[in-house]
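Only one structure is covered here, and it is reproduced in the block below.
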Amino acid sequence: AGPDTAICIGESVNLTASGGDTYLWAPIEGLSDSTGSSLIATPDSSVIYYVTITDQNNCSDTAMIDIAIRPLPDAMLGPDQEVLLGMTITLDAVQDMTYYSWDPPHYLSDPNLSLVNCTPLEDITYTLTIIDQYGCQNTEDITITVYNEAKLAIPKAFTPNGDGRNDIIYYYAKGMAQTNLKVFNRWGQMVFESDDTSYGWDGTYNGVDLEMDTYTYLLVGETLIGEIFKQKGNLSLIR
């Protein structure tokens, strides 16, 4: 039935047996045919296939072939990133592979290395193709979003009255590595804090609705190149 072999997961291998008139393969999972002398195997895990070969005199023998499945390599590029226009970042595939190819090659120091410097001028998604020492291939994507300026902003008022419109106030950040929002009442007590643009204030403090009033906020951000932005002002809670 041929020599033992190893393939990458998702690949196929041709199996050929000889020496008889009928053939019966087992197990049948991953096989294109269970009774042929030549067939295709696409197993999803390592497996030993057995083939029972019988001749016209009803004499039989069994052969075996061991197929090892190699996992696909992992590029591990990490999460998508944001940059300010003109900023250079490093993209690193981490793993030690025999082949690297970044596509498209635009704005990269070398599209055929595992570690590249990237200075994008526009939003771009890179696809990295890697091949390990066994010839197993995989791809991974990473998207770079480019901002031409850094910005922090927050609305001046919101209406947390439960009507489903403008009940929560969120702040907006662009081109920022870190942000923080603090809201204070008229006596200087902090009633809300967030460092996530997706986590907004619903007009409560410790689960209790606050009065309609004017509150003071401090919004601080650190840009992707280390500059500090600070913004102070008032926001109105209207019920």
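Each residue of the sequence shown is one higher than the last, beginning at 4 in this note's numbering.
Just so you know, even glycine gets a beta-carbon here, dropped at the ideal spot from N, CA and C.
- Query: So what does DSSP say about tryptophan 28, is it helix, strand or coil?
  - Reply: Residue numbering aside, residue 28 sits at position 25 when the sequence shown is read from its first letter. Strand at tryptophan 28.
- Query: What is the DSSP secondary structure of glycine 89, counted as helix, strand or coil?
  - Reply: Along the sequence shown, read from residue 1 onward, the residue named residue 89 stands at position 86. Secondary structure of glycine 89 (DSSP, three-state): coil.
- Task: Excluding the 5 residues preceding and the 5 following threonine 142 in the sequence, name in chain order all residues of the same chain whose CB lies nearer than 7 Å to its CB.
- Result: Within the sequence shown, the letter at position 139 stands for residue 142. Answer for threonine 142: Thr130, Leu131 and Thr132, listed in chain order.
- Query: So isoleucine 145 packs on leucine 87, CB below 8 Å; how close in whole Å?
  - Reply: Here residue 145 corresponds to residue number 142 of the sequence shown, with the count starting at 1. Here residue 87 corresponds to residue number 84 of the sequence shown, with the count starting at 1. About 17 Å separates the two Cβ atoms, so there is no contact after all.
- What three-state label does DSSP hand glutamine 181 in the structure shown? By one-based count along the sequence shown, residue 181 stands at place 178. Looking at glutamine 181 - three-state DSSP - the assignment turns out to be strand.
- Task: Return the chain-ordered list of same chain residues with a C-beta closer than 8 Å to the C-beta of serine 137, the five sequence neighbours on each side being excluded.
- Result: On the sequence shown, residue 137 is found 134 positions in, with the first residue counted as 1. As written in the sequence, residue 137 is tyrosine, which differs from the serine given in the question. Only Ala9, Cys11 and Arg73 meet the Cβ criterion.
- Message: Measuring only the C-alpha atoms, how far is aspartate 170 from glycine 178?
- Response: Within the sequence shown, the letter at position 167 stands for residue 170. Within the sequence shown, the letter at position 175 stands for residue 178. The alpha-carbon atoms of aspartate 170 and glycine 178 are separated by roughly 26 Å.
- For glycine 33, which residues from the same chain have a beta carbon less than 8 Å from its beta carbon, with the 5 sequence-adjacent residues on both sides left out? Walking along the sequence shown from the start, residue 33 turns up at place 30. Hits under 8 Å: Ala44, Thr45, Pro46, Asp47 and Val50.
- Query: For methionine 100, which three-state DSSP category applies?
  - Reply: On the sequence shown, residue 100 is found 97 positions in, with the first residue counted as 1. DSSP, reduced to helix, strand and coil, places methionine 100 outside both helices and strands of the structure shown, so it counts as coil.
- Query: Any idea if aspartate 135 is buried or exposed, counting beta-carbon neighbours within 10 angstroms, 16 or more meaning buried?
  - Reply: Working through the sequence shown from its first residue, we reach residue 135 at position 132. Aspartate 135 is buried by the Cβ-count criterion.
- Query: Residues in its own chain within less than 8 Å of threonine 93 by CB, not counting five upstream and five downstream?
  - Reply: As a position in the sequence shown, residue 93 is number 90, starting the count at 1. Correct list, in chain order: Leu118, Val119, Asn120 and Cys121.
- In chain order, which beta strand (DSSP E) runs of at least 3 residues are fully inside the segment 34 to 59? 41 to 44 and 50 to 57
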